[in-house]
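Asker:
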Amino acid sequence: MSEQQMHQSVARAAAILDAIGTSAGPGMRAAEIAEAAGLGLSTTTRLLATLLELGFASRVSEREYALGPRLLALSSQELNQSAVFRESRMLCQSLAQSTRLNANVAVRHGARCVYLCHFEGDLSPKNQSMVGLAMPLHATGLGKCLLLDTSEQERIDLLGAGLPVYTPHTVSSHAELTRQLEEGRERGYCVEDQELALGRFCLASPVRDRTGGICAAVSVSGRISVFTGDQRSSIQEQLVESADRISVNLGHLSGASAG
1 MSEQQMHQSV
11 ARAAAILDAI
21 GTSAGPGMRA
31 AEIAEAAGLG
41 LSTTTRLLAT
51 LLELGFASRV
61 SEREYALGPR
71 LLALSSQELN
81 QSAVFRESRM
91 LCQSLAQSTR
101 LNANVAVRHG
111 ARCVYLCHFE
121 GDLSPKNQSM
131 VGLAMPLHAT
141 GLGKCLLLDT
151 SEQERIDLLG
161 AGLPVYTPHT
171 VSSHAELTRQ
181 LEEGRERGYC
191 VEDQELALGR
201 FCLASPVRDR
211 TGGICAAVSV
221 SGRISVFTGD
231 QRSSIQEQLV
241 ESADRISVNL
251 GHLSGASAG
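The structure is reproduced here in structure tokens:
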């Protein structure tokens, strides 16, 4: 097999795994996978057989396929190799327990933010894990934090001139995004107010490593009705303190909270 053929095979296998991973149901038939991946049925069937053999795919019924256990093992290994994950996991879990809301840690990959940690609070239960999920930068509190050290031109180059709109509250212009980020720098946290989903509110604070650069962000999210008055002030304090402690764990000593 030539190098080009090998590259094509790997790309097609990745497309198949992406198609299976985005399925709304517990499994997909080969024909559905082929259509979603933009491949022929015979090619899909052949590659599925190899992915099954290697453990990257599995069968949930005689005719339906799902992602395989080897992917879970690899993702766990990647997480455990991440210093941000190791230093933030326990603090993120404690934040969820103390606020009773969802607490998350995310990093930036290209033009998206990707969840590394997700812990549920009893006031904001979810029925699925957020770990590994990719979200838009401009429409999330976590994403805005990950953009704090960038210039407006860098954001235009990264996100494009037009910003996708998800709700009537989504930031739709770079000028408005720049204004919100300037506010976020001054107060130490960013706000997501129903920008990705109606009824959802999120506060997020940046995490810095030993170089001083933003390497991650931590957030607390839940129903908008929870973030009111004194309760919001308490959540903000706990959030910023947690972000500072993670930064300290990563070697950013100047990020420590006073006292």
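Be aware that the sequence shown starts at 1, since it is given in the UniProt record's numbering, and climbs by one per residue.
Built from N, CA and C at the ideal position, the CB exists for glycine as well.
In angstroms with no decimal places, state the Cα-to-Cα distance between residue 51 and residue 181.
Answerer: Distance between the alpha carbons of residue 51 and residue 181 is about 44 Å.
Asker: Output the residue ranges of the alpha helix (DSSP H) runs that lie fully inside the region 19 to 47 and measure 4 residues or longer, sorted by chain position.
Answerer: Listed in chain order, the complete alpha helix (DSSP H) runs (minimum 4 residues) inside the region 19 to 47 are 30 to 37.
Asker: Where are the beta strand (DSSP E) runs, 3 residues long or more, that stay fully inside the region 203 to 228, in chain order?
Answerer: Taking only runs of at least 3 residues, the beta strand (DSSP E) segments lying wholly in the region 203 to 228 are 214 to 223.
Asker: Do you know offhand how far residue 185's Cα is from residue 178's?
Answerer: Roughly 11 Å separates the two Cα atoms.
Asker: Give me, in chain order, the residues of the same chain whose beta-carbon lies closer than 7 Å to that of residue 64; leave out the 5 immediate sequence neighbours on both sides.
Answerer: Closer than 7 Å at the Cβ level, and outside the excluded window around residue 64, lie 27, 28, 29.
Asker: Within the chosen definition, does the region 89 to 100 reach the region 66 to 74 through at least 3 CB pairs nearer than 8 Å?
Answerer: Flag = no, the region 89 to 100 and the region 66 to 74 do not touch.
Asker: Within the chosen definition, does the region 184 to 204 reach the region 150 to 159 through at least 3 CB pairs nearer than 8 Å?
Answerer: Result no; under three Cβ-Cβ pairs closer than 8 Å.
Asker: Count the C-beta pairs between the region 213 to 232 and the region 80 to 94 that are closer than 8 Å, then say yes if the count reaches three, no if not.
Answerer: Cβ pair count under 8 Å is three or more, so yes.
Asker: Which residue wins for smallest C-alpha separation from residue 136, given the options 117, 171, 118?
Answerer: Residue 136 has its Cα closest to that of 171, out of 117, 171, 118.
Asker: Buried or exposed: where does residue 244 fall if 16 or more other Cβ atoms within 10 Å of its Cβ makes it buried?
Answerer: Buried, since its Cβ has 16 or more Cβ neighbours within 10 Å.
Asker: Locate the alpha helix (DSSP H) running through residue 157, then write down its first and last residues.
Answerer: Segment 152 to 159, the alpha helix (DSSP H) holding residue 157.
Asker: Please name the residue or residues paired with residue 67 in a DSSP beta bridge.
Answerer: Beta-bridge pairing links residue 67 to 57.
Asker: I'd like to check one pair, residue 174 with residue 193: are the Cβ atoms closer than 8 Å?
Answerer: Not closer than 8 Å, so no.
Asker: With distances taken from CA atoms, which of 167, 60, 8 is nearest residue 44?
Answerer: Taking only the C-alpha atoms, the option nearest residue 44 is 8.
Asker: Going by other Cβ atoms of all chains shown within 10 Å of its Cβ, with 16 needed for buried, is residue 48 buried or exposed?
Answerer: Burial call: buried.
Asker: Give the C-beta separation of residue 204 and residue 144 to the nearest angstrom, bearing in mind that I take them to be a contact with Cβ-Cβ under 8 Å.
Answerer: Going by Cβ atoms, the distance from residue 204 to residue 144 rounds to 7 Å, so yes, they are a contact pair.
Asker: Please report the residue range of the beta strand (DSSP E) in which residue 192 lies.
Answerer: Unbroken beta strand (DSSP E) run through residue 192: 190 to 193.
Asker: How is the beta strand (DSSP E) around residue 263 delimited, first residue to last?
Answerer: A query on residue 263 cannot be resolved here, the shown segment of the chain reaching from 1 to 259 and no further.
Asker: Between residue 167 and the rest of its own chain, which residues show a CB-CB distance below 8 Å, the 5 nearest in sequence each way excluded?
Answerer: Around residue 167: 194, 195, 196, 197, 198.
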